[in-house]
Structures are given as structure tokens and as C-alpha cells.
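Just so you know, the protein sequences line up as chains R and Y, in that order. Residues in the first sequence are numbered from 0 upward in steps of one, following numbering that gives the first Met the number 0. Residues in the second sequence are numbered from 0 upward in steps of one, following numbering that gives the first Met the number 0.
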Amino acid sequence: MARLAERLAAAANPDGGWPYYAGRASRLEPTCWALLALTADPAAPPVTLAAHLEFLRSTQGAAGLLADPGTGVPNLAWSGLALLALPALEAPDATVDRLGAGVVAAKGVALDPDVLLGQDNRLQAWSWMPGTFSWIEPTALCVLALKRLPEGRRPGAAGTRIADGEAVLLDRVCPSGGWNYGNASVLGQDLRAYVPTTALALLALQDRASEPAVGLSLSWLDRHALAERSAMALALAALALAVHRRPFGHVLAALDAEDARTHFLDNAHLLAMAAYAAAIPAHDAAAFRVAGPGASPVRGGAA
Amino acid sequence: MTTLSRRAFLGTPLAAAVAAACGREPAPYRSSDFARPDRSAVALLDAPSYDSDLADLIGRGLRELGVAVRDRRVLLKPNLVEYEPGEAINTHPRVIAGAIVALRRAGAREVVVAEGPGHRRDVEYLLTATGLADDLGDLDTTFVDLNHDDVREVPLRSWFTGLSSLALPVSVLAADLVVSMPKLKTHHWAGLTCSMKNLFGVVPGAVYGWPKNLLHFRGIPASILDLAGTVRPGLAIVDGIVGMEGDGPIMGRARPVGVIAMGTDPVAVDATCARLMGLEPMRVPYLEAAARYLGQVDATRIDQRGERVDRYRTPFDLVESMRFLRADD
Numbered sequence: 000m001a002r003l004a005e006r007l008a009a010a011a012n013p014d015g016g017w018p019y020y021a022g023r024a025s026r027l028e029p030t031c032w033a034l035l036a037l038t039a040d041p042a043a044p045p046v047t048l049a050a051h052l053e054f055l056r057s058t059q060g061a062a063g064l065l066a067d068p069g070t071g072v073p074n075l076a077w078s079g080l081a082l083l084a085l086p087a088l089e090a091p092d093a094t095v096d097r098l099g100a101g102v103v104a105a106k107g108v109a110l111d112p113d114v115l116l117g118q119d120n121r122l123q124a125w126s127w128m129p130g131t132f133s134w135i136e137p138t139a140l141c142v143l144a145l146k147r148l149p150e151g152r153r154p155g156a157a158g159t160r161i162a163d164g165e166a167v168l169l170d171r172v173c174p175s176g177g178w179n180y181g182n183a184s185v186l187g188q189d190l191r192a193y194v195p196t197t198a199l200a201l202l203a204l205q206d207r208a209s210e211p212a213v214g215l216s217l218s219w220l221d222r223h224a225l226a227e228r229s230a231m232a233l234a235l236a237a238l239a240l241a242v243h244r245r246p247f248g249h250v251l252a253a254l255d256a257e258d259a260r261t262h263f264l265d266n267a268h269l270l271a272m273a274a275y276a277a278a279i280p281a282h283d284a285a286a287f288r289v290a291g292p293g294a295s296p297v298r299g300g301a302a
Numbered sequence: 000m001t002t003l004s005r006r007a008f009l010g011t012p013l014a015a016a017v018a019a020a021c022g023r024e025p026a027p028y029r030s031s032d033f034a035r036p037d038r039s040a041v042a043l044l045d046a047p048s049y050d051s052d053l054a055d056l057i058g059r060g061l062r063e064l065g066v067a068v069r070d071r072r073v074l075l076k077p078n079l080v081e082y083e084p085g086e087a088i089n090t091h092p093r094v095i096a097g098a099i100v101a102l103r104r105a106g107a108r109e110v111v112v113a114e115g116p117g118h119r120r121d122v123e124y125l126l127t128a129t130g131l132a133d134d135l136g137d138l139d140t141t142f143v144d145l146n147h148d149d150v151r152e153v154p155l156r157s158w159f160t161g162l163s164s165l166a167l168p169v170s171v172l173a174a175d176l177v178v179s180m181p182k183l184k185t186h187h188w189a190g191l192t193c194s195m196k197n198l199f200g201v202v203p204g205a206v207y208g209w210p211k212n213l214l215h216f217r218g219i220p221a222s223i224l225d226l227a228g229t230v231r232p233g234l235a236i237v238d239g240i241v242g243m244e245g246d247g248p249i250m251g252r253a254r255p256v257g258v259i260a261m262g263t264d265p266v267a268v269d270a271t272c273a274r275l276m277g278l279e280p281m282r283v284p285y286l287e288a289a290a291r292y293l294g295q296v297d298a299t300r301i302d303q304r305g306e307r308v309d310r311y312r313t314p315f316d317l318v319e320s321m322r323f324l325r326a327d328d
């Protein structure tokens, strides 16, 4: 872990953010993951939070949502990810409160029913960007972030929006268990589940273990956790399995092997995800846990 | 996402835009920005399998078409969208490798491979699972992840989508020659996906989401037109060695055709590929519109180089809602 964290710390830009690739501009997603990774593990190099938080704050628009610099397009998934990360970083209350209000106010558009898609298009969770349809990844991140907000910090409609997001996740679960990106089927063909989307949805639904879809999907993830060899898939799989108190040590071993094979494409976002996951034995995936009866950790996660 | 049958198409914003392009309304582009070629050339090159000498073949296509490559920075944009073992979803790595070698032999100053996968967000997985990472490593070739590249806001040259600008990757904007390298496939919403639809991959997912959701909302044919008119790929190289029919672009079935199609007019290339697949190009909404200002669809104005279309014509199966595209209906 120390080696991953040192590489990650060295990849920061002078403006306090992290780029996806060296030499490129700072972006929201790698910055959030880098801060999660570097602040979660006591073995990581110390970080001076003020500059990093200032980068994130500088991306906040009038509606409270965050937009990657130079794009002018608020990103709901990265706003959800930031809402997950910022409270743990002791970000200024005003920044977090405005972000929370922005996330709660954002809604994917409702569409007319379409028999070709086999889902409830009227449900409105979170889209990638305003004015488009709800998808699994932004929905999972926003649901999880809202669930993790302390009760006193939750915007008024947070409970309703959490229920909206859960409804979309449960509506879109694949027949085999797990999640594709947005649909469970198209034109009568069942779509395939993927590891990253399944892991994110399971993190968002960690306190809904009694839902049959959650159990089915967790079993799917148990079987497929090593099927997609990449930092993104392995790191998220390890996180979801850890939070659901399943063995994950074998996934961390595969993650280490993946670093040796690809160096994670020298992508700081992937490096940060891997660094956070590799340190789960130390931090128990605390930043992704929803308080409640299912939250007690299993240290080490030996298979 | 919506299904576009011929009947449904008549009621869409694109239909209104096509009407505009016919002169009944102000067109969603400035005619002075486009110089549709009077004639276009498309080369069809016999490639029975991926074991063919594809560098030699593509080099021959470059010479047939007179493509200027020397000292240019070339960006190859393949279709790398999803991975399932044994499925014909992506531009085959051997075609990409063949193009890299051919373009270097022709004097390109730099050749990079760039893609922003439109479905599978996990580019590390896609590169390694497909084997493309190994081929690029062997050829010491850089891969640019267009979903996460730096971006610059650029005005669109047409407005079929109603958008005036998009943030596009700086690597695409800096290239001297963008080469669209699609897989020959049917598409369950657009009819076919070829060199023009392949440009969805230059739209950065980290900004506009997956599966390039903004474009789906603004209409797939309209988005194809705006991207093709703005990015303006200077060359298309189509992997038609094994295509995909049925429920493409991901869930369809492999369909061997045995051909590489190349051309400098993407409209003419897509029209020719539609004919290869047994489709009537003027029934494909985006080609019907593109024929008015962007490129050639008329077969009598497309100079065929290499092999004849008839030799490779292979009627592709289509999903029910797209069967109105068939040439024999």
C-alpha cells in the first residue's frame, strides 16, 4: 500500500487536484478517489488538505453541483462521489451543504414506458449530467453519499431521493443478478452484469440485504469478482465484498498482480482506487459504510 | 433512447432537419462550411481473414486513394466498445496494427490510437482483454483514452442536435488526420454503425456520461451528423473482415464478409458499407441527410477501387424495427 500511496501522492497537480493521466488537467473523479485513499490509511504520506479541498470547492457551481474545470457541465456521478468524500475530509460545512442540496435536487428525466426496454422509465434517480436519463453508476454513488450524510446534515428531501434511487437500482437488476450500466434488457435480450456496476450498486444497497435482488447480486459478485482484471473492477469488488462482510483477500491479491501487469495504465484515478482498496485491512472501507446493523467490519478479509 | 422506425422517423426533429436540408427550412448548417465532393472514391480490399497481410493491404488502399500522410500526426479511432470472448464487437486489433504499420510506412510523423469506449467504461479491462494492449506495446504505439483526455469547447459546424458546441478531446483536435476505424455492424437504434457513428467515441464520457447519454437524448442520427461535420475524419478504414448482424452493436452475431473498406469521404464509405450489408443507404436517416451536404451516397458518383461491391454483398439480419432499411423491401 505504501508504494501505491507514494505514487499517488506524487501524481498530484500543483493546483491541488489529480489528473487522470500525468501532464493533464486536474479532474474531479481522480481527485476524490486520491483524497479518499491518502486520508484513509495511516501508512500513506501526509497530505495538506487545504489545497486539495480548494480545488474541489473551485469546481462548485451555483446549484451546488461540481463540474470538471473547463467543461461547464455538472457531473452527477462525481458530485455524488465528492459528497461521499468531503464530509470525511472535514470540508467546510457550506460546501458540503450546498453540494448535498444540489445532489438532492438533481433528477434524471422520466421517459414514457417502452416495452422494448422492459423497465420502468418513469423512475427518476440520477443521470450522468442534467437533462438525461438515470443510470446505475451516478445513482449508486448519489444514494450512498446521501445515506452516509449524518442525519442532521441531510437535506430535507434526502430520504425521498434515496428511495427513488433504490427503486431504480432494484428495477434494473439483471436476471442473473448484478447490474449492467442502465438497462437489464433491451429488445428482449437480457444484458450482462458487470463487476464495477454491480459492486457500486451493492455498496449503495448495503443496508437492504433482505432484498432478494441484493442477495442474488452478491452471489453473482462472489462468483465473478475476479472475472474482470482491472483496477476499477477489482478495487470496487473488494470494497463491496468487504462492506458486505464477504471474503476479499483473493481480490486484493489479484489487484496487486494487475499492477504488476499494467501499472494501471499510469492512470491516477485507477491508482487511487487501487490504493484505497489495498488498504481495506487498515481502514475497513470506512468511507463506504453506511451506519447500521450490517456495518461491522471483517478485518483482513481472508478467503 | 428511442427506436426509430421509418414511420417514427418522419415525426422526429431529424426529419424536420432533413426537410430543412432539402431547402424547405433554414438548414441546420452553413452551406459554405461544407464542400461536398462531386465524386468520391471507396476502395474495397479482399481480406479473407485476420491472418491476411493487413499492413500491406491497407498500404495499397492508401495508395489507391492518394491519401496524404507524410509528416502528419495521425489519430486512429477504432471501435472499442465492449468485450465478450469470441464475439465480433470491436475493430480487430490486427486491423489496427495493420493500419499503424501502413501509415508509418507511408511517412506519418506520429500515429496514436485513441478511443473513448461508449459502453464499457473500464478501458484498462478493454485494452487487456481484447489483446489490443499487447499489439500496441509490440508496436510502441500510444493509446489515448478519449473519455478522460483534456477537453476544449468547440463550436459545432452543424446543429441537428440543437447543440451549439461540445467539449472534445484535445488529442482529437490536435491531430492532422483523424482516421475512423469502425467495425462493420448493424445497430439496433441507428440501423448501421460505421465510420460516422464510430465518432461517438470521441465524445468524452467523463463529461457527458455513458453510453454518451447526451447524444442518445439529442437523437442518434442528429448526433452522428453533427459529429461527422465537426470532427471531419479524413480517412475511414472499416473492419469488414468479420462484421456483426442482428442486435448490434454489442449483442448481435458475427457475420464474415472478408473485406476492408477505405475512403476519404466517410459518407461514401458508409453508403458503400450499407450496400455491402444489403441496406438501401437512402433509407438510413443519417445518410439521407448527409447526402445533401456532407458526402456522396449516390452509387454512380462513388468510384469503386479494388473489388466490386457485388462480390461481397452479404445481407445482414436486422432487428425488426430496422428492417425497413433493407434494399430488397
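C-beta atoms are modelled at their ideal positions from N, C-alpha and C, and glycine is treated no differently.
Under a three-way DSSP split, which group does R/N266 fall into?
-> If you number the first sequence from 1, residue 266 of chain R lands on position 267. Of the three classes helix, strand and coil, the one that applies to R/N266 here is strand, per DSSP.
Using only alpha-carbon positions, find the residue among Y/R120, Y/D134, Y/V112, Y/G190 that is nearest to Y/V178.
-> As a position in the second sequence, residue 178 of chain Y is number 179, starting the count at 1. Just measuring C-alpha positions, the residue of Y/R120, Y/D134, Y/V112, Y/G190 sitting nearest Y/V178 is Y/V112.
Please determine, among R/A183, R/L88, R/R2, the residue with the shortest C-alpha to C-alpha distance to R/V167.
-> Counted from its first residue, the first sequence places residue 167 of chain R at position 168. Minimum Cα-Cα distance from R/V167 among the listed residues R/A183, R/L88, R/R2 corresponds to R/A183.
Could you tell me which chain R residues have their CB closer than 9 Å to the CB of Y/V150, listed as they occur along the chain?
-> Here the question's residue 150 of chain Y lines up with position 151 in the second sequence. Within chain R, the residues near Y/V150 are A24, D67, G69, T70.
To the nearest angstrom, report how far apart R/P18 and R/P29 are at their CA atoms.
-> Walking along the first sequence from the start, residue 18 of chain R turns up at place 19. Walking along the first sequence from the start, residue 29 of chain R turns up at place 30. Answer to the nearest angstrom: the Cα atoms are 6 Å apart.
Below-8 Å beta-carbon distance, R/T261 vs any chain Y residue | Residue numbering aside, residue 261 of chain R sits at position 262 when the first sequence is read from its first letter. True, the Cβ-Cβ gap to chain Y drops below 8 Å.
Can you pull the DSSP bridge partners for Y/I99?
-> In the second sequence, the residue the question calls residue 99 of chain Y occupies position 100. Y/I99 is not bridged to any residue.
Please classify R/L148: is it buried, with 16 or more other beta-carbons within 10 angstroms of its beta-carbon, or exposed?
-> Position 149 of the first sequence, counted from the first residue, corresponds to residue 148 of chain R. Counting Cβ neighbours within 10 Å, R/L148 comes out buried, since at least 16 surround it.
Y/P92 by DSSP, collapsed to three states: which one?
-> Along the second sequence, read from residue 1 onward, the residue named residue 92 of chain Y stands at position 93. Helix at Y/P92.
Contact between the stretch 137-151 of chain Y and the stretch 173-187 of chain Y (3+ Cβ pairs under 8 Å) = They do not touch, by the three-pair rule.
Which ranges does the alpha helix (DSSP H) cover as unbroken runs of at least 4 residues, wholly within the stretch 194-273 of chain R, from first to last along the chain?
-> Within the stretch 194-273 of chain R, the complete alpha helix (DSSP H) runs of at least 4 residues are 194-203, 211-223, 230-242, 248-261.
Excluding the 5 residues preceding and the 5 following Y/T229 in the sequence, name in chain order all residues of the same chain whose CB lies nearer than 6 Å to its CB.
-> Stepping through the second sequence from its first residue, residue 229 of chain Y is reached at position 230. Taking C-beta separations shorter than 6 Å and ignoring five residues to either side along the sequence, the partners of Y/T229 in its chain run L155, R156, following chain order.
Check R/T47 in the structure and name its three-state DSSP category.
-> Here residue 47 of chain R refers to the residue found at position 48 of the first sequence. DSSP places R/T47 in coil when its eight states are reduced to three.
Can you list the residues of chain Y that R/Y275 reaches, using a CB-CB cut of under 7 Å?
-> The residue you call residue 275 of chain R lines up with position 276 of the first sequence. Chain Y residues near R/Y275: none, gap ~16 Å exceeds 7 Å.
Apply the 10 Å Cβ neighbour rule to Y/G65 and answer buried if 16 or more other Cβ atoms are within range, or exposed otherwise.
-> Stepping through the second sequence from its first residue, residue 65 of chain Y is reached at position 66. Burial is judged here by how many other beta carbons sit within 10 angstroms of a residue's own beta carbon; Y/G65 has fewer than 16 and is exposed.
Establish whether the CB of R/S78 and some CB of chain Y are separated by less than 8 Å.
-> Here residue 78 of chain R refers to the residue found at position 79 when the first sequence is read from its first residue. Between R/S78 and chain Y, the shortest Cβ-Cβ separation is not below 8 Å.
Along the chain, where does the alpha helix (DSSP H) that runs through Y/E287 open and close?
-> For the purposes of this step, residue 287 of chain Y is identified with residue 288 of the second sequence, where counting begins at 1. For Y/E287, the enclosing alpha helix (DSSP H) has its first and last residue at 284-289.
Proximity winner among R/D14, R/G158, R/S216, R/D163, relative to R/N120 (alpha-carbon distances) | As a first step, residue 120 of chain R must be located in the first sequence, where it is residue number 121. Selected option, being the one with the closest Cα: R/D163.
For R/A104 and chain Y, any beta-carbon pair shorter than 8 Å?
-> Along the first sequence, read from residue 1 onward, the residue named residue 104 of chain R stands at position 105. Cβ-Cβ to chain Y under 8 Å: no for R/A104.
Neighbourhood of R/A144 by C-beta, 6 Å cutoff - its chain only, sequence neighbours within 5 removed | Numbered from its first residue, the first sequence carries residue 144 of chain R at position 145. Within the same chain, R/A144 has close Cβ partners G79, L82, L83.
Excluding the five sequence neighbours on either side, which residues of its own chain have a C-beta within less than 7 Å of the C-beta of R/G60, listed in chain order?
-> Within the first sequence, numbered from 1, the residue matching residue 60 of chain R stands at position 61. Closer than 7 Å at Cβ, skipping near neighbours: A66, P73.
Does DSSP put Y/V80 in a helix, a strand or coil?
-> Sequence index remark: in the second sequence, residue 80 of chain Y carries index 81 (1-based). If DSSP states are grouped into helix, strand and coil, Y/V80 belongs with coil.
Have a look at the DSSP bridge pairing and note the partners of Y/A295.
-> Position 296 of the second sequence, counted from the first residue, corresponds to residue 295 of chain Y. At residue 295 of chain Y the sequence reads Gln, which differs from the Ala that was named. Y/Q295 is not bridged to any residue.
What is the C-beta distance between Y/G239 and Y/A260, in whole angstroms, given that I count them as a contact (C-beta under 8 Å)?
-> One-based indexing of the second sequence puts residue 239 of chain Y at position 240. One-based indexing of the second sequence puts residue 260 of chain Y at position 261. Y/G239 to Y/A260, Cβ: 6 Å. Contact.
Y/E306 vs Y/D45 beta-carbon contact at 8 Å | Here residue 306 of chain Y corresponds to residue number 307 of the second sequence, with the count starting at 1. Here residue 45 of chain Y corresponds to residue number 46 of the second sequence, with the count starting at 1. Cβ distance < 8 Å, so Y/E306 and Y/D45 count as in contact.
Could one say the Cβ of R/T30 lies closer than 8 Å to chain Y's Cβ atoms, at least one of them?
-> Within the first sequence, the letter at position 31 stands for residue 30 of chain R. Cβ-Cβ to chain Y under 8 Å: no for R/T30.
Endpoints, alpha helix (DSSP H) assigned at Y/T129 | Residue mapping note: residue 129 of chain Y aligns to position 130 of the second sequence, counting from 1. Unbroken alpha helix (DSSP H) run through Y/T129: 122-129.
Could you spell out the range, first to last residue, of the alpha helix (DSSP H) harbouring Y/A194?
-> Your numbering for residue 194 of chain Y matches position 195 in the second sequence. Ala is not the amino acid found at residue 194 of chain Y; the sequence shown has Ser there. The continuous stretches of alpha helix (DSSP H) do not include Y/S194, and DSSP gives it neither H nor E.
For the beta strand (DSSP E) that contains Y/H186, what are its first and last residues?
-> Walking along the second sequence from the start, residue 186 of chain Y turns up at place 187. Counting along the chain, the beta strand (DSSP E) containing Y/H186 begins and ends at 182-186.
8 Å Cβ cutoff met for R/H243 and R/L217 = In the first sequence, the residue the question calls residue 243 of chain R occupies position 244. In the first sequence, the residue the question calls residue 217 of chain R occupies position 218. With a cutoff of 8 Å on beta-carbon distance, R/H243 and R/L217 are scored as near each other.
Close Cβ partners of Y/P255 (< 6 Å) along its chain, the five nearest in sequence each way excluded | Start at 1 with the first residue of the second sequence, and residue 255 of chain Y comes out as number 256. These residues qualify, in order along the chain: V241.
Taking Y/D121 and R/P195 to be in contact with their CB atoms under 8 Å, please state how far apart those CB atoms are, rounded to whole angstroms.
-> In the second sequence, the residue the question calls residue 121 of chain Y occupies position 122. In the first sequence, the residue the question calls residue 195 of chain R occupies position 196. Confirmed, Cβ separation roughly 6 Å.
Separation of Y/L61 from Y/A272, as counted between CA atoms | In the second sequence, residue 272 of chain Y corresponds to position 273, counting from 1. In the second sequence, residue 61 of chain Y corresponds to position 62, counting from 1. Note that residue 272 of chain Y is Cys in the sequence shown, not Ala. One C-alpha to the other measures close to 18 Å.
For chain Y, find out if any of its Cβ atoms is closer than 8 Å to the Cβ of R/F54; answer yes or no.
-> Reading the first sequence from its first residue, position 55 is the one you call residue 54 of chain R. No - not a single Cβ of chain Y is within 8 Å of the one on R/F54.
Would you list the residues sitting across from R/P18 in a DSSP beta bridge?
-> Here residue 18 of chain R corresponds to residue number 19 of the first sequence, with the count starting at 1. When DSSP reads this structure, R/P18 sits in no beta bridge, so it has no partner.
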